[in-house]
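Visitor: In terms of UniProt numbering, the numbers along the sequence shown are unbroken and rise by one, the last being 241. Heads up, the beta-carbon is just placed ideally off N, CA and C, and yes, glycines get one too. This structure is a prediction, so every number in the text was calculated from the model and none was measured. My questions all concern the structure below.
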Amino acid sequence: MTNAPTHRAGKPPVLLIDAGGVLLLNNHELLLPLLAEYSGLRTPEDYQRVHFACHNSTFSGVRPDGDYYRRFGEVAGVADDELEEFTEAFRALSHTRNMCHLAHPPARRLLGLVRAAGIATVVVSQADGTAAQLLREAEMCQIGEGPGVEVDGIVDSELVGFDKPDPEIFRCALDLVGASPGQAVHLGDTVPADVRGAQAAGIRPVHYDPFGDCEDLADDHEHVRRLEQTCDLLLQHQQAR
C-alpha cells in the first residue's frame, strides 16, 4: 500500500497534474460497441491498452505516427479492407462529444493521498473550456467542496489563452499556489505537451506511461506505470530541495 508523502526538509512540493489521460480516460463504455463490431476488442482493459499504445505513438516525442483513429484500428486488428470504414466511423463517434470524461479510480486515490498530505495540487489541462465541469461531473475533483477531491486550482488552456507545451500555462498554475518551478512535479501522459512543456517551465516532468509504451530515447524524464508511484516521487523531490 502506498502511503501519502509527508512534509520533511525542504520546501513543500506542488503537484501539477494533467486531466485527459490521467485523471479522466476515454469512455470505453461508449466506444467498445463499435470496436467490437470491427475488431476483437471486448473489454475495458483491451480498449485502454490499445488507446495508450496509439496515444504514445501518435503523440510521440520521437516519431509521431500520424492519425490516432487509423492507428487505433491497425493496433486493434481491424481487417485491412475495413480499416478506412472503421477509421471514419470511429472518428465520427469520438467527436459526438468529449469522450475523455470517464473517472480514473487510481487517479482519484492519488489525489486523495496528496490532499491528505496537505500538498498543493493544480490540474493543468489542454482543454476546451470545460475541464472543470468534466472533472466535477466525473466526481474526480473540483475547487472547493464537492463530489470529488478538493484541489487548489484548475487551469484550462482555453480559458487562460496558452496551450501546452507553452511554459506559460504551467506558470499560470504555479501562480495560483504561489510556488516556484523548482517546487513542482508535473504528471502527464504525453511527451511533446506534458514533458517538454514542463521542462520548458523549469518543472520536473513525470510521464504517466502505464504500459511502458514511451519510445523517447532522450532519457531525460521519469515514468510511472502506477499513479500511486507519484507519491514516492513527490517525497523524493521534497527531500532533494
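1) By how many angstroms is the C-alpha of GLY153 removed from the C-alpha of HIS101?
2) State the CB to CB distance for the pair VAL122 and VAL155, rounded to an integer number of angstroms; the pair is presumed to be in contact (CB under 8 Å).
3) Among all the DSSP beta bridges, which residues are the ones paired with HIS207?
4) In whole angstroms, what separates the C-alpha of HIS55 from that of ASP67?
5) When you compare each of ALA117, LEU234, VAL50 and CYS172 to SER125 by their alpha carbons, which one comes out closest?
6) Can you tell me the Cα-Cα spacing of PHE86 and GLN238, whole angstroms?
7) Taking DSSP as the reference, what is the three-state secondary structure of ALA9?
8) By Cβ distance, which residues of its chain are closer than 7 Å to GLY146, with the 5 residues on each side in sequence left out?
9) With DSSP run on the structure shown, which of helix, strand or coil describes LEU233?
10) Inspect the beta-carbon positions of HIS140 and LEU23 and report whether they are closer than 7 Å.
11) How would you label THR230, buried or exposed, when you count the other beta carbons within 10 angstroms and need 16 or more for buried?
12) List the residues that DSSP assigns as beta-bridge partners of ALA120.
13) Taking contact to mean 3 or more Cβ pairs, one atom from each stretch, closer than 8 Å, check whether the segment 190 to 208 and the segment 216 to 225 are in contact.
Guide: By the coordinates alone:
1) 18 Å
2) 6 Å
3) Per DSSP, GLY188 and HIS223.
4) 10 Å
5) When only C-alpha atoms are compared, the closest one is CYS172.
6) 48 Å
7) Here the model assigns ALA9 a pLDDT of 49, short of 50, so the residue's position is not dependable, and the following value carries that caveat. Secondary structure at ALA9: coil, using DSSP grouped into helix, strand and coil.
8) ARG136
9) helix
10) Looking at the sequence shown, residue 140 is not His but Met. Going by C-beta atoms, MET140 is nearer than 7 Å to LEU23.
11) buried
12) VAL14
13) yes
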